[in-house]
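Structure record follows, encoded as structure tokens.
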Amino acid sequence: MAATHNVAEQQYADNTQLFVAFSNATLPTAQVRFEHCTADLDAGFCFNGLRLNPSKPEAILLGTLQHLLSFPIVV
């Protein structure tokens with residue numbers, strides 16, 4: 001399902017991880033892809049009687065120090 005949004009996905013046990021690569025310039029597009037992907041995952045889980053826990057999502061930004069310092073704060 002995540003592949004349709006160009007988002008990498010890894011699932012095991014009760015954990016789902018999504019991976020999105022982007023730069024400062026492509027952040028808006030990556031954010032929309034990620035939001036659509038999570039909405040589709042939630043719908044798929046609900047269809048199968050499962051739910052995403054809204055209190056558990058976390059985001060990790062990885063990059064060089066220079067890139068991280070220039071990155072806009074996204075909450």
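Going by our numbering, the residue at position 58 of the sequence shown is 58; the numbering climbs one at a time, nothing skipped.
Each residue gets a CB set at the ideal place from its N, CA and C atoms; glycine is no exception.
Since we're looking at a predicted model, the values are computed, not measured.
Query, Result
"C-beta contact flag for HIS67 and ARG33 at 8 Å", "no"
"Residue range of the unbroken beta strand (DSSP E) whose run includes LEU18", "15 to 19"
"8 Å contact criterion, which PHE71 and LEU61 should meet: CB distance rounded", "7 Å"
"Proximal residues to GLN17 (C-beta, below 6 Å), its chain only, five neighbours per side dropped", "GLN10"
"Through-space distance from THR64 to LEU52, alpha-carbon basis", "31 Å"
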